[in-house]
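**Student:** Below is one structure. I have some questions about it.
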Amino acid sequence: KKSEAWSARFSEPVSELVKRYTASVFFETRLAPFDIQGSLAHAEMLSHVGVISPKDYEDIQKGMKVILEEVESGQFSWQLDLEDVHLNIEKRLVELIGDAGKRLHTGRSRNDQVATDIRLWLRHEIDISADLLKQLRKALATTALEHYATIMPGFTHLQVAQPITFGHHLLAYAEMFGRDYQRLIDCRKRVNQLPLGAAALAGTSYPIDRERVAKTLSFEGICRNSLDAVSDRDFAIEFCAATSLVMAHISRLSEELILWMSPRVGFINLADRFCTGSSIMPQKKNPDVPELARGKTGRVNGNLIGLLTLMKGQPLAYNKDNQEDKEGLFDSADTLRDTLTIFIDMVSGIKVRADNMRQAALQGFSTATDLADYLVKKGLPFRDAHETVALAVRECEQKGIDLADLRLEELKAFNQAIDKDVFEVLTLEGSVSARNHIGGTAPERVKAEAERILAE
Ligand code: ARG
16 KKSEAWSARF SEPVSELVKR YTASVFFETR LAPFDIQGSL AHAEMLSHVG VISPKDYEDI
76 QKGMKVILEE VESGQFSWQL DLEDVHLNIE KRLVELIGDA GKRLHTGRSR NDQVATDIRL
136 WLRHEIDISA DLLKQLRKAL ATTALEHYAT IMPGFTHLQV AQPITFGHHL LAYAEMFGRD
196 YQRLIDCRKR VNQLPLGAAA LAGTSYPIDR ERVAKTLSFE GICRNSLDAV SDRDFAIEFC
256 AATSLVMAHI SRLSEELILW MSPRVGFINL ADRFCTGSSI MPQKKNPDVP ELARGKTGRV
316 NGNLIGLLTL MKGQPLAYNK DNQEDKEGLF DSADTLRDTL TIFIDMVSGI KVRADNMRQA
376 ALQGFSTATD LADYLVKKGL PFRDAHETVA LAVRECEQKG IDLADLRLEE LKAFNQAIDK
436 DVFEVLTLEG SVSARNHIGG TAPERVKAEA ERILAE
């Protein structure tokens with residue numbers, strides 16, 4: 016028995032294993048609606064330029080309508096023997112409409128076809144995830160607005176550094192996701208280019224109208240070189256890279272949520288629906304969702320490296336290697352979409368334990384910088400002020416008290432310029448509200464930033 020798909024050229028069939036090894040149909044059925052969309056645009060163009068008849072185009076439309084319904088209802092019977100989505104759909108079309116179906120592939124190859132399908136699918140996926148990123152940014156801003164004046168310790172090296180507001184901390188992530196959004200939108204421009212017309216690699220001798228197809232499919236440009244059109248997957252790599260960055264930000268946020276929820280820290284609680292218990296320890300409530308998100312970041316990074324490696328050794332033009340572009344790409348897109356959807360909900364449901372945050376900010380001499388700045392305003396050079404406060408901190412540490420607990424006479428012993436107005440700068444509120452400039456942690460500023468994001 017000859018191979019089903021290629022017939023005449025082959026004299027012996029491939030083994031079942033080779034069939035499975037070379038087939039892509041079972042992991043790419045999500046491309047089917049886009050494959051149909053691309054085929055219809057191609058057929059419309061062929062009939063417009065007179066390569067096929069208007070009747071053929073009409074039949075193709077009818078047949079594709081049936082196929083789309085079969086695909087969407089799960090009735091379509093995908094066959095391994097037909098290798099991929101493209102051949103499966105084409106075979107079914109011929110079954111349904113006969114010769115017109117056999118004319119569809121005129122002036123086209125699966126090479127430009129698959130490149131088109133992936134771009135159409137990815138464009139759709141980018142639109143969904145970009146919108147989710149926007150929503151996540153707003154969810155962060157909404158929670159930040161509730162907590163624009165809630166004080167917590169800010170950390171460097173995971174050591175208490177200076178007081179900040181919780182709203183300010185959340186808005187740092189809103190900034191990251193804002194850039195991630197921009198990156199996806201930018202990547203979309205390069206995804207949104209039409210490969211159809213490149214055919215196998217060199218273009219086609221039919222009088223095709225690529226501009227027409229691009230317009231039908233809402234591509235904003237046309238791939239200008241047929242060899243490049245069928246062979247590069249840089250647009251997919253770019254998407255994976257952008258996704259890796261989103262996940263890097265998600266992973267950092269996850270790490271903090273996990274840390275903040277640890278009873279040793281006790282800054283927040285996550286809603287029960289994002290946590291699970293333990294099968295042995297009845298008391299446990301584990302932050303599984305952020306932990307998994309942190310873990311999935313590894314897989315998404317792997318997908319990026321996989322695609323980069325897939326591409327690097329390929330000579331022009333299309334090679335079967337490229338069939339390996341799909342699973343990792345699909346996985347990154349799915350992980351991105353699911354993660355963002357869950358995080359929008361989870362971020363909105365953060366329960367803040369403001370007292371614990373405040374308590375933690377009171378420890379660790381978080382207003383030491385404010386005392387140094389106070390001395391500078393009284394005329395000391397900053398380096399001397401820094402040294403003076405370091406001595407004061409050392410004494411407090413020995414006594415087991417905070418800077419604000421020192422009496423005025425004790426403070427004066429460090430520097431005579433210190434007066435009773437010092438106690439205002441030593442408070443947490445005084446410290447945060449003093450940082451009142453663009454990008455600063457002053458509650459007033461945080462409120463304005465959150466409102467600005469919500470108005471976007
Ligand atoms: N399934 C193939 C892919 O994903 C479609 C293109 C096949 N082209 C070819 N010349 N074998 O890349």
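This note's numbering numbers the first residue of the sequence shown as 16 and each following residue consecutively. C-beta: ideal position from N, C-alpha, C; glycine also.
(1) How many Å lie between residue 180 and residue 158 at the Cα?
(2) In terms of alpha-carbon separation, which member of 299, 403, 327, 137 lies closest to residue 431?
(3) Residue 170 lies in the beta strand (DSSP E); which residues open and close that run?
(4) In whole angstroms, what separates the C-alpha of residue 33 from that of residue 23?
(5) Between the beta-carbon of residue 257 and the beta-carbon of residue 325, is there less than 9 Å?
(6) Could you please go through the chain and list the residues whose beta-carbon is closer than 6 Å to any non-hydrogen atom of ligand 1?
(7) Pick from 165, 210, 91, 162: whose alpha carbon is nearest that of residue 134?
(8) So, does the stretch 278-289 touch the stretch 362-378, judging by three or more C-beta pairs under 8 Å?
(9) Report yes if the C-beta of residue 271 is less than 8 Å from at least one heavy atom of ligand 2; otherwise report no.
(10) Under three-state DSSP, which class holds residue 175?
(11) Consult DSSP for residue 209 and reduce its assignment to one of helix, strand or coil.
(12) Keeping to the same chain, check which residues put their C-beta closer than 7 Å to that of residue 299; ignore five residues upstream and five downstream.
(13) If you follow the alpha helix (DSSP H) that residue 255 is in, where does it begin and where does it stop?
(14) Nearest-angstrom Cα distance between residue 363 and residue 96?
(15) From what residue to what residue does the alpha helix (DSSP H) around residue 139 run?
(16) If I measure Cβ to Cβ from residue 191 and keep anything under 6 Å in the same chain, skipping five residues before and after, which residues do I get?
(17) Whole angstroms are fine: how far does the CA of residue 150 sit from the CA of residue 118?
(18) From this set, 107, 307, 321, 339, which residue's C-alpha is nearest residue 350's C-alpha?
(19) In this structure, how does DSSP classify residue 103 when only helix, strand and coil are distinguished?
(20) Taking the DSSP output, what are the residues bridged to residue 291?
(21) Helix, strand or coil for residue 283 per DSSP?
**Tutor:** According to the data block:
(1) 12 Å
(2) 403
(3) 166-171
(4) 19 Å
(5) no
(6) 39, 99, 125, 126, 129, 333, 335, 337, 338
(7) 210
(8) yes
(9) Annotation note on ligand 2: not contained in the displayed structure, which lists ligand 1 as its ligands.
(10) strand
(11) strand
(12) 292, 293
(13) 249-276
(14) 48 Å
(15) 125-161
(16) 264
(17) 45 Å
(18) 307
(19) helix
(20) 301
(21) strand
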